[in-house]
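In the numbering used here, the protein residues as written are 30 to 275.
Where a beta carbon is used, it is the ideal one built from N, C-alpha and C, also for glycine.
Take a look at the structure below.
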Amino acid sequence: MKISWRRQGMPLLLALALGFGLACPCSADTTTYPSSGSLQREIETEMSRAVARVAPLLERYGYAALFAAILVEGMGIPAPGQTLMIGASLAAARGDLSIGWVLAWAFVAAVAGNCAGYLIGLKGGRPLLVRLGVSEKRLEKMQRRFSRTGAGIILVARFVDGLRQINGIAAGLLRMPPGAFMAVNVPGAILWVGFWCLGTFFLEKEIAAVHVSLRQAEPWAWGITLAALGLLLARMFRWKRNHGHR
Numbered sequence: 030m031k032i033s034w035r036r037q038g039m040p041l042l043l044a045l046a047l048g049f050g051l052a053c054p055c056s057a058d059t060t061t062y063p064s065s066g067s068l069q070r071e072i073e074t075e076m077s078r079a080v081a082r083v084a085p086l087l088e089r090y091g092y093a094a095l096f097a098a099i100l101v102e103g104m105g106i107p108a109p110g111q112t113l114m115i116g117a118s119l120a121a122a123r124g125d126l127s128i129g130w131v132l133a134w135a136f137v138a139a140v141a142g143n144c145a146g147y148l149i150g151l152k153g154g155r156p157l158l159v160r161l162g163v164s165e166k167r168l169e170k171m172q173r174r175f176s177r178t179g180a181g182i183i184l185v186a187r188f189v190d191g192l193r194q195i196n197g198i199a200a201g202l203l204r205m206p207p208g209a210f211m212a213v214n215v216p217g218a219i220l221w222v223g224f225w226c227l228g229t230f231f232l233e234k235e236i237a238a239v240h241v242s243l244r245q246a247e248p249w250a251w252g253i254t255l256a257a258l259g260l261l262l263a264r265m266f267r268w269k270r271n272h273g274h275r
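As structure tokens, this is what we get:
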């Protein structure tokens, strides 16, 4: 039977992101800043330090470091993929690297990493959920009800820490059709890589202001994640209570 994506898979996708973010936070900054000006200064400092930390990797391994970090990040492994991408783009702006090669390696790694994550979720994630008490029947129901907006989440997931690392895994776990997954995986990689690589290459110092906007929007993303987690748990509890003894 062919299963389509429908509504109830969305809470699971976002709940997985929440769990990943709590267990392996990819952004250490949890401070509330009083103003956008002070936030921008903090982020400029934070970005400078982060880029300085990964600079030795770029100097020693070059494009290979960029490719490897983005690749494993797409498989759910915490890695400084976005930071290396920013650092490589700054190096390209100085003439030390080629922005064309930075774009190419980052794009290929982003697509391949998410494809690997998709296969991990497809092959290994489902048995794990079954062992945790989620029945195959329930998983199939979630697939049938998974909303079309799930594709939109995957399209922009790379811009949110936590979602970036697990969106491919979640898509595989929910058995999103391969064609539908690639239809959002590739454009999502283009958006993410193009935004950070070209934005950093052409704007340089102004990129911190863009990062401020994304940082200020991130609490909204996590708020939606928390609400989705609550919805998922409530529905699972209600279903188990109603069907647990059948």
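(message) Threshold first: 4 residues or longer. Then list the alpha helix (DSSP H) segments lying entirely within the region 172-228, N to C.
(response) 178-185, 192-202, 207-222
Applying the 10 Å Cβ sphere with the 16-neighbour rule, what's the burial state of residue 204? buried
query: Is residue 91 helix, strand or coil when you go by DSSP?
result: Residue state, collapsed to three classes: coil.
- Task: Please state whether DSSP places residue 114 in a helix, a strand or coil.
- Result: helix
Does the contact criterion of 3 or more C-beta pairs under 8 Å hold for the region 85-100 versus the region 110-126?
yes
- Query: Are the Cβ atoms of residue 199 and residue 150 separated by less than 8 Å?
  - Reply: yes
Using the beta-carbon count (16 or more within 10 Å), is residue 102 buried or exposed? buried
- Query: So, helix, strand or coil for residue 126, using DSSP?
  - Reply: coil
Could you check how far apart the C-beta atoms of residue 218 and residue 136 are, in whole angstroms? I think they sit under 8 Å. 5 Å
Using 8 Å as the threshold, is the C-beta distance between residue 112 and residue 83 below it? Contact annotation: residue 112 and residue 83 have beta-carbon atoms nearer than 8 Å.
* Taking residue 214 as the reference, which of 169, 146, 191 has the closest Cα? -> 146
Three-state secondary structure (DSSP) of residue 108: coil
Look at the alpha carbon of residue 121 and the alpha carbon of residue 131, and state the distance between them as a whole number of angstroms. 8 Å
Exercise for review: Indicate the three-state DSSP secondary structure (helix, strand or coil) for residue 154 in the structure shown.
Suggested key: helix
**Prompt:** Where does residue 58 sit, in a helix, a strand or coil, going by DSSP?
**Reply:** The pLDDT assigned to residue 58 is 43, lower than 50, so where the model puts this residue is not dependable, and the model offers no usable value.
Q) Rounded C-beta distance between residue 201 and residue 124? I'm assuming under 8 Å. A) Not quite, the Cβ-Cβ distance comes to about 40 Å (not below 8 Å), so this is no contact.
task: Helix, strand or coil for residue 146, going by three-state DSSP, please let me know.
output: helix
Check your understanding: Given that a residue counts as buried once 16 or more other Cβ atoms are within 10 Å of its Cβ, and exposed if not, what is residue 208?
Key -> exposed
Coil, strand or helix - residue 139 by DSSP: Three-state DSSP puts residue 139 in a helix.
How would you call residue 109, buried or exposed, if buried means at least 16 neighbouring beta carbons within 10 angstroms? Residue 109 is buried by the Cβ-count criterion.
*If you compare alpha carbons, which of 128, 156, 206, 192 is closest to residue 91?*
128
Going by Cα to Cα distance, which pick from 226, 196, 160, 78 is closest to residue 142? 196
Residue from 81, 229, 223 with nearest C-alpha to residue 133
223
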